[in-house]
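A quick write-up on the structure given underneath.
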Amino acid sequence: MISRLNVNKLFESIKFRTYMRLVTPYIVFSVLLVVGQIISPGYLSPGHLQSILVLAVPLGLMTIGETMVLLLGGNEIDISVGDQASCAMVISALLLQSHPLWLVILVILAQGLLFGALNGVGTRYLKIPALIMTYITGRLLYGLSIAITKGTAPGIATKEVIELSSFPTITIIWLLLSIVVIVILSKTVLGRCIYAIGDNPIAAHNSGIPMNLIAVIAYSLSGALGALSGLFLLGFILIPSRYGFASGYSLQAVVAAILGGVSAGRGNYIGAIGGVLVLTVLDSFFTIFNIPEAERMMLYGITLAIILLVYGRREKLRK
Amino acid sequence: MRNTKLQLIKEYINLKIMLTSIGFMLGIIILNVIVNPRTLMYIDSITLLAVPLAFLGLAELIVLVTGEVDMSVGAGLTLANVVSVYAYLYHGIGDYRFILLHLIIGLAVGIVNGIIVGLLRVNSFLGTLATSSIWSGLALVILNKPEGPIPNWYYRLFMDGLWGIPMVIIGLLASLLIWLYFRFNKISLHFYASGSNPYSAFIAGINVNLIKFIAFTLNGLFVGLAALFMTGIIASGDPKIGIPYTLTAILAAIIGGARFTGGVGDGVATICAAIGLTFMRNLIFSLGVPFYQQDLVYSAVVLGLLAVVMYLRGGR
Amino acid sequence: MNMGEMWRLEGLTKSFGPIKAVEDFTCSLEEGRIYGLVGGNGAGKSTLVRLVTGVLKPDRGRILKEGKELVIRSPKDARRYGIAAAYQEFSLVPDLPVINNLLLNIEPTKLGFIDIDRMIYKVAEFMDKLGVNIPLDKLVRELSPSEKQVVEIAKSLILEPQLLFLDEPTNYLSEEQREELFKTMIEIKNNARTTIVFISHRIEEVFRVSDQAIVLRNGRLVDIYDLGKVSMDEVVKAMVGELAEEFRGYKYVPKAAVEAVSGKPVISVRNLSVNDKVKDVSLDVGRGEIVGLAGLLGQGQSEFLRAIYGLLPYEGAISLEGRDVKINSPRDALKHGIVYVSGDTLEGVFLLRSIRENISLILNLWRGLHKPVLSKLEKEHAVKMIKKLNIACRDPDQPVLYLSGGNRQKVYLARGLTVNPKVLLLDDPLKGVDIRAKKEILNIVKELAGDKAVLFFSSDIKELLPIVDRVLVFFEGRIIREFKGEELREDLIMEASIKGTAG
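Residue numbers (the numbering used here), protein chains in the order written: chain A, 1134 to 1452; chain B, 114 to 429; chain C, 136 to 638.
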């Protein structure tokens, strides 16, 4: 017989709570799938499920970076990932006309690393708050995409890219990158340090952890992954319809990570994947119901506000 | 005693920062004129563009002084503009209530932000980012593309001025007077205290959370005023109009002396910074930067300015 | 209610988590008297002040004025009842001018506007009477520490309070300024019949100006003494308390290894100064030597250790094994083989991470960021450490959050020991740790001191006596006395700490 004391202890144990944080988004995902089937029969068909696993990838990649940055805690956040993708889309479309794919990939990765590192430098060495700094970087990337294409249409995706962006290739790439980041976070010293910084920045400093360097690394990786996801987005829509196409993804990446249980020093990408899946499914609902961009924006804003009410409040002054 | 009063007033209007900002503004204007002498002919219409930014800068400043930030000023402006024009075009509200509507929406936005950040104690960075999504989305729902026109009398106001005085003067004067009214009011001291050291303010019996709520409410009023002028300038309702303004407003407040940690900042300096930044955009244009490079150059300049200011301040 | 009794504090209790800061404090305060509130480290003095001024909410207890219970829900309420305080860490707003700090939340207005003339009028006269000469329009952030202290005190006086707390008001004042303060205190006590509660670590000051002494120990009231009728020694003894059971009858036993301290000192500090908190301190520590740092809290011991570890900027010279080094950050310190363990485990321990992760952190850092975690080796090492330090836990994978304070401290220490430091800096690590864990930690330090130089600060020096070679007493940033050999007695050391003199 389980006494009441034992059950309470169970609920309070960290292991249990960590487990729940990880599993909750997947539970929500499953529920949503069922809902999807109800409102639109055929939702659960293998073909459709496949398409979910494909559509989720760009957000999934952006959320990898976002996870690493959010784990650092202390107001670190990256809202330039979407703009990294937008700019990469445009640059890819431009360069693919006359350059091989591997070169294009190198270029956009360089873009991602460079502007990501800029984020790190701005937040850590210039002490510009992350929200502001990454916002500025986002605008820079937006401006860069217009400047590089001189305001004209950049081009169209090549067959290679389209193939890369379809099942199963794209999903496998996501899987591989997921494994890499999960390994980095849980099995390398770098990952340990990231968690340490998020858990207790004072102790991290006192232990000699190179906090600025690690922040720059996290932001750089986030930028690179954001840029990479742009290539896949290009594979989806073939022609970039406008500049700043993927800007909205930044906020989604944050929400996905938080839904996946990521916060300062806690959580990991496994949970965030669940968050990504949830958001992708919700997005498909929006499409089914023909909810236009405007209402979607509002819905995300409301969701973020609610999440913040649970997770992000100031301390009381009088104890 | 006479000396103390003078010194105090100089402290209240933050003389050093004000002069730096005025210098910045004049410097940019002069550069502009040198590069393109025809600027002098358009100086009033360029400056008019600065008026909404000036109000948004003040809105941002008031919140920054208390140690918080507002990422939704641009979105709030958009919403006020869109709702009012919509009300005119589809519900025929084109009289004095047209003006009132701008202010009410602005205040409403401010009050919601104030409740979330001040009373519910949510982190202001993310909280206002969330609300900005809501305002932007709402604006797009109401009007999904720019629509016009605006009431004729309002349009004429911006063409001919109010009793002969051009709206740009009215706008700048209004912003200046409202700021001074605030600054020499007792409550501004509580704002600065709450941002500078909330614990000390608390010990003195100041309700810091309430102060932050009031700050966001006043911010909303300024957003409404900014929207009033923006509507007059673009003579339409545009659901995408406010997007670039949030960042620029924050920058204006920072050049106006504000710090992200709160406790400092001057309104006159912010207004001058807003004018300077507006002419800066024009300068980039005048320098012959091709249109497709303008966004990039402008963002780069913004980053550069921010970096310089943060570096000089030791990034507190 | 007695004649003249104005204030009564009944059963005030406040805990922060498991720590009882103030327990069941009851006493009456009469008007027109100065009470010296004294007590050792962690006695609960500052907490008590903040309970009465409305900054903290008491868990239990009430506050009565003239027999009527006061409802204090915020500092604003306390102010209304005539309660004011000058806080040890100041309650000033750095970005406002002096005059606005003095009148914070009580600014005179004319139609809602700041009435500058009346402000200046009110304050100028007041500051004149106090004999203070600080420009009213200067921003507080531009003032020197002593000027800030003066403003803080002035601020507490401006509303003519009936109950006034002065928490360490003399820390930054010069001799003459202190005299002025005492004069003013006696004046307002006599003329305005104010009740003053005066806290100072300088015991002679308390004796000079107070009528009675309220002695606190471990959050509880020990007794209230009439200073006319009792000697300073008696009060000091009350503060120090009975020797704990196991240390009673302690006799110094010379350590065999002491003579082995020869050759170059492992760490040598010359003329170290840290801000205002450490003044010109020099010392040497040899291999295998354990040097205890004593003295009241806040006399610079922490700052001294933290400066050596690179957490605080310093002036002066530090050399390790003869070589001069400059230490600018914990990374530098660690590179040179200096390890620091803070008294606040929250500064060093990662609660959400496992024990073995915590223990291996620094070592892992040195291996390299890109290196993989070697789970097996880590676990083995953690098990070894757990055994050696007797860390009470389920297994090495348990998050440190679940460990008690003492065991967390052991993990913190284990992490430092893992990298085999040359210098071990211990900053009051036994604070709040249970007796058994204390003993275990002390044993480990004694055992492992063999090839290291150890600087050990404890706010409760008697615990260190069995393992130290000598004790240096800090007072106001300087080392005032060294105790060696037979002199290593708790009572002698405590006396020197409290009196602040070498004699």
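Every residue, glycine too, gets a C-beta built ideally from N, C-alpha and C.
Cβ-Cβ separation, N236(B) to L1441(A) (assumed contact under 8 Å), whole Å
Position 308 of the first sequence, counted from the start, is the residue given in the question as residue 1441(A). Position 123 of the second sequence, counted from the start, is the residue given in the question as residue 236(B). Separation of the CB atoms of L1441(A) and N236(B) is rounded to 7 Å, and the pair is thereby assigned contact status at 8 Å.
DSSP on W276(B), reduced to helix/strand/coil?
Residue 276(B) sits at position 163 when you count from the first residue of the second sequence. Of the three classes helix, strand and coil, the one that applies to W276(B) here is coil, per DSSP.
G1180(A) versus Y1352(A), S1299(A), T1151(A), P1343(A), residue with shortest Cα-Cα distance:
In the first sequence, the residue the question calls residue 1180(A) occupies position 47. If we check each option's Cα against that of G1180(A), S1299(A) comes out closest.
Judging by CA-CA distance, which residue of G187(B), Y203(B), I224(B) is the nearest neighbour of S333(B)?
Position 220 of the second sequence, counting from 1, holds the residue named residue 333(B). Looking at the sequence shown, residue 333(B) is not Ser but Gly. Relative to G333(B), the option among G187(B), Y203(B), I224(B) whose CA is nearest is I224(B).
So, is the C-beta of T182(C) closer than 8 Å to a C-beta in chain B?
As a first step, residue 182(C) must be located in the third sequence, where it is residue number 47. With 8 Å as the cut-off, T182(C) does not count as an interface residue toward chain B.
contact_flag[the segment 312-328 of chain B, the segment 187-196 of chain B] where n(CB pairs < 8 Å) is 3 or more:
With a cut-off of 8 Å, the segment 187-196 of chain B and the segment 312-328 of chain B do not count as touching, because too few Cβ pairs lie within range.
Short of 7 Å in beta carbon distance, which residues of its chain neighbour F225(C), apart from the five on each side in sequence? Order them along the chain.
Locating residue 225(C) in the third sequence gives position 90, where the first residue counts as 1. If we look at F225(C) and ignore the five residues flanking it on each side, its Cβ neighbours are K283, E287.
Of all the residues that make up the segment 129-150 of chain B, which are near chain C by a beta-carbon distance shorter than 8 Å?
The segment 129-150 of chain B vs chain C, Cβ under 8 Å: nothing.
Below 7 Å on C-beta distance, what does Y424(B) contact in chain A?
As a working note, residue 424(B) is residue 311 in the second sequence. Within chain A, the residues near Y424(B) are L1259.
Output the residue ranges of the alpha helix (DSSP H) runs that lie fully inside the segment 244-309 of chain C and measure 4 residues or longer, sorted by chain position.
Taken in chain order, the complete alpha helix (DSSP H) segments of 4 or more residues contained in the segment 244-309 of chain C are 251-265, 280-292.
Got a sec: which bits of the segment 1313-1340 of chain A sit with their beta carbon under 9 Å from any beta carbon on chain C, in order along the chain?
Sequence-ordered contacts of the segment 1313-1340 of chain A with chain C read V1316, S1319, K1320, T1321, V1322, L1323, G1324, R1325, C1326, Y1328, A1329, G1331, D1332, N1333, I1335, A1336, A1337, H1338, N1339, S1340 [C-beta pairs closer than 9 Å].
Would you say L293(B) lies against chain C (beta-carbon separation less than 8 Å)?
Position 180 of the second sequence holds residue 293(B). With respect to chain C, the C-beta atom of L293(B) has no partner C-beta closer than 8 Å.
Can the beta-carbon of M343(B) be found closer than 8 Å to that of I356(B)?
In the second sequence, residue 343(B) corresponds to position 230, counting from 1. In the second sequence, residue 356(B) corresponds to position 243, counting from 1. Contact flag unset, no.
Chain C contact residues for I377(B), given Cβ-Cβ distances below 8 Å:
The residue labelled residue 377(B) in the question sits at position 264 within the second sequence. According to the sequence displayed, residue 377(B) carries Val and not Ile. Contact of V377(B) with chain C by beta-carbon distance below 8 Å involves D230.
Applying the criterion that 16 or more other CB atoms from any shown protein chain within 10 Å of the CB defines a buried residue, is W292(B) buried or exposed?
Residue 292(B) sits at position 179 when you count from the first residue of the second sequence. Taking every protein chain shown into account, the CB of W292(B) has 16 or more other CB atoms within 10 angstroms, so this residue is buried.
Give the interface partners of H505(C) over in chain A, defined as CB-CB distance under 9 Å, in chain order.
Indexing the third sequence from 1 puts residue 505(C) at position 370. Using a Cβ-Cβ cut-off of 9 Å, H505(C) is close to T1321, V1322, L1323 of chain A, given in chain order.
Where the beta strand (DSSP E) containing L481(C) begins and where it ends:
For the purposes of this step, residue 481(C) is taken as residue 346 along the third sequence, with counting starting at 1. Counting along the chain, L481(C) sits inside no beta strand (DSSP E), nor does DSSP assign it H or E at all.
Sorry if obvious, but does the Cβ on T359(B) come closer than 7 Å to a heavy atom of the ligand MN?
Summarising the ligand content, the structure contains no ligands, and the ligand MN is consequently not present.
Proximal residues to V474(C) (C-beta, below 6 Å), its chain only, five neighbours per side dropped:
Position 339 of the third sequence, counting from 1, holds the residue named residue 474(C). The residues G551, P556, L559, in chain order, have a CB closer than 6 Å to that of V474(C) in the same chain once the five nearest residues on each side in sequence are set aside.
Looking at the structure shown, is E450(C) part of a helix, part of a strand, or coil, going by DSSP?
Sequence index remark: in the third sequence, residue 450(C) carries index 315 (1-based). In the structure shown, E450(C) sits in a strand (DSSP, three-state: E or B).
I believe V476(C) touches D586(C) by the beta-carbon criterion, under 8 Å. Please report the beta-carbon distance rounded to the nearest angstrom.
The count along the third sequence starts at 1 and reaches residue 476(C) at position 341. The count along the third sequence starts at 1 and reaches residue 586(C) at position 451. Actually they do not touch by this definition, with Cβ atoms about 18 Å apart.
For Q1217(A), report the span of its alpha helix (DSSP H) as first-last.
Here residue 1217(A) corresponds to residue number 84 of the first sequence, with the count starting at 1. It spans 1214-1228 - the alpha helix (DSSP H) in which Q1217(A) sits, taken as one unbroken run.
Three-state secondary structure (DSSP) of G146(C):
Taking the third sequence and counting its residues from 1, one reaches residue 146(C) at position 11. Of the three classes helix, strand and coil, the one that applies to G146(C) here is strand, per DSSP.
Which of the three DSSP states, helix, strand or coil, is assigned to I356(B)?
Walking along the second sequence from the start, residue 356(B) turns up at place 243. For I356(B), the three-state secondary structure derived from DSSP is coil.
Do you know whose CA, among V410(B), L177(B), S288(B), G369(B), lies nearest F398(B)'s CA?
The sequence position of residue 398(B) within the second sequence is 285, counting from 1. Distance from the Cα of F398(B) is smallest, within the candidate group V410(B), L177(B), S288(B), G369(B), for V410(B).
Euclidean distance between Cα positions of Y385(C) and T636(C)
Taking the third sequence and counting its residues from 1, one reaches residue 385(C) at position 250. Taking the third sequence and counting its residues from 1, one reaches residue 636(C) at position 501. Its pLDDT being 47, under 50, Y385(C) is placed unreliably in this model, and the value from its coordinates should be taken loosely. Across the structure, Y385(C) and T636(C) are spaced so that their CA atoms are roughly 24 Å apart.
Which residue's Cα is closest to the Cα of G308(B): G180(B), Y358(B), G170(B), I126(B)?
Start at 1 with the first residue of the second sequence, and residue 308(B) comes out as number 195. Nearest C-alpha to G308(B): G180(B).
Mind checking the segment 224-243 of chain B against chain A and listing, in chain order, the residues whose C-beta falls within less than 8 Å of any C-beta there?
Cβ contacts with chain A: I229, L233, R234, V235, N236, F238, L239, G240, L242, A243.
Nearest-angstrom Cα distance between F592(C) and L565(C)?
Along the third sequence, read from residue 1 onward, the residue named residue 592(C) stands at position 457. Along the third sequence, read from residue 1 onward, the residue named residue 565(C) stands at position 430. Cα to Cα, the separation comes out at about 9 Å.
Residues of chain B with CB under 7 Å from G1394(A), in chain order?
Along the first sequence, one-based indexing puts residue 1394(A) at 261. Residues of chain B passing the Cβ test: none, with the nearest at roughly 17 Å.
Starting from the Cα of A1474(A), find the closest Cα among K325(B), S245(B), V336(B) and give me that residue.
The question about residue 1474(A) has no answer, for chain A in this structure spans 1134 to 1452.
According to the neighbour-count rule (16 or more other Cβ atoms, all chains shown, within 10 Å of its Cβ), is H215(B) buried or exposed?
Position 102 of the second sequence, counted from the first residue, corresponds to residue 215(B). Within a 10 Å sphere around the beta-carbon of H215(B) sit 16 or more other beta-carbons, which makes this residue buried.
Could you tell me how far apart the beta carbons of V415(B) and I1269(A) are, in whole angstroms, since I believe they sit closer than 8 Å?
The sequence position of residue 415(B) within the second sequence is 302, counting from 1. The sequence position of residue 1269(A) within the first sequence is 136, counting from 1. Separation of the CB atoms of V415(B) and I1269(A) is rounded to 6 Å, and the pair is thereby assigned contact status at 8 Å.
Residue burial classification, M1431(A) (beta-carbon count within 10 angstroms, cutoff 16):
In the first sequence, residue 1431(A) corresponds to position 298, counting from 1. Label assigned to M1431(A): buried.
Quick check on A392(C): does DSSP put it in helix, strand or coil?
Within the third sequence, numbered from 1, the residue matching residue 392(C) stands at position 257. Because A392(C) sits at a pLDDT of 44, beneath the cut-off of 50, its placement in the model cannot be relied upon, and the following sentence gives the value as read from the coordinates. DSSP, reduced to helix, strand and coil, places A392(C) within a helical segment of the structure shown.
Backbone CA spacing between I247(B) and A1336(A) [nearest angstrom]:
Translated into positions along the second sequence, residue 247(B) becomes position 134. Translated into positions along the first sequence, residue 1336(A) becomes position 203. C-alpha separation (whole angstroms): 38 Å.
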